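Numbering (my numbering), first residue to last: 1 to 233. These notes are about the structure you will find just below.
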């Protein structure tokens with residue numbers, strides 16, 4: 001699918017819910033403006049030029065065009081923080097993983113578990129937390145899944161309803177869709193921390209007991225062969 005065609009199809013998903021406590025009317029106005037900005041950017045961007053730009057240059061180009069477009073939106077003024085949020089969300093929908101991008105930017109999150117388009121959990125420091133992040137619908141979630149698997153030359157459909165892939169940062173991805181999944185598409189992302197896990201951290205997070213940690217340390221010092229088995233989760 002051509003880039004312009006994909007971006008145009010994505011316009012319908014720019015009503016992504018990211019509940020931040022704002023009132024309904026204000027949120028609706030924000031989402032409508034986001035859709036207008038998305039369409040304007042597609043019409044104004046030189047898509048043939050994007051492939052030669054770095055990620056940062058693409059972001060700068062989107063921001064420049066967005067600021068120019070928003071300057072004409074006198075009827076719907078935005079604060080500086082709202083303008084920044086608007087540009088970020090449109091950029092995430094155009095070139096990233098939509099509402100998951102803020103979660104991926106949080107280095108304290110080790111797992112992202114999308115159980116449905118409206119139910120997204122994260123694991124932080126060994127504890128599961130329900131987020132307020134949502135996709136618009138199952139189709140929106142499917143578009144993000146397809147974007148992930150297409151970057152590694154894979155496909156996902158009814159004949160191949162489960163796919164393992166990796167993000168550019170090495171994070172492991174598993175996606176399952178109907179008929180293998182029951183309630184729509186599901187997605188899990190296992191991230192790798194910027195810093196390696198240390199034994200003390202595992203004990204602190206209660207992943208290991210102090211006694212087991214001491215035993216493993218003695219095995220390493222004694223240069224013994226060690227076999228660790230079990231699930232990766």
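Ideal placement from N, C-alpha and C gives every residue a C-beta, glycine not left out. The structure presented is a predicted model; accordingly, all values stated were derived computationally and were not measured.
Assigned with DSSP and collapsed to three states, residue 174 falls in strand. Checking the DSSP bridge columns, you'll see residue 165 partnered with 173. For residue 186, the three-state secondary structure derived from DSSP is strand. Taking the CA atoms as reference points, residue 205 sits about 18 Å from residue 230. By the criterion of at least three beta-carbon pairs nearer than 8 Å, the region 90–98 is not in contact with the region 110–118.
The three-state reading of DSSP puts residue 111 in strand, counting E and B together. In this chain, the beta strand (DSSP E) harbouring residue 119 covers 119–124. The C-beta of residue 198 has fewer than 16 other C-beta atoms within 10 Å across all chains shown, which makes the residue exposed. Residue state for residue 152 is assigned as coil, using DSSP reduced to three classes.
For residue 81, no pairing in a beta bridge is given by DSSP.
Under the three-state reduction of DSSP, residue 58 is assigned to helix. Per DSSP, the unbroken alpha helix (DSSP H) holding residue 211 starts and ends at 210–221. DSSP places residue 197 in the coil class of the three-state scheme, outside both helix and strand.
In the DSSP annotation of this structure, residue 101 is not part of any beta strand (DSSP E); the continuous alpha helix (DSSP H) holding it starts and ends at 101–104.
Apart from the 5 residues on each side of it in sequence, residue 111 sits with its Cβ closer than 6 Å to the Cβ of 123 and 190 in its chain, given in chain order. By the Cβ rule, the region 144–154 does not count as touching the region 212–230, because fewer than three pairs are nearer than 8 Å.
Residue pairing by DSSP puts residue 160 in a beta bridge opposite 157. Beta bridge pairing from DSSP links residue 68 with no other residue.
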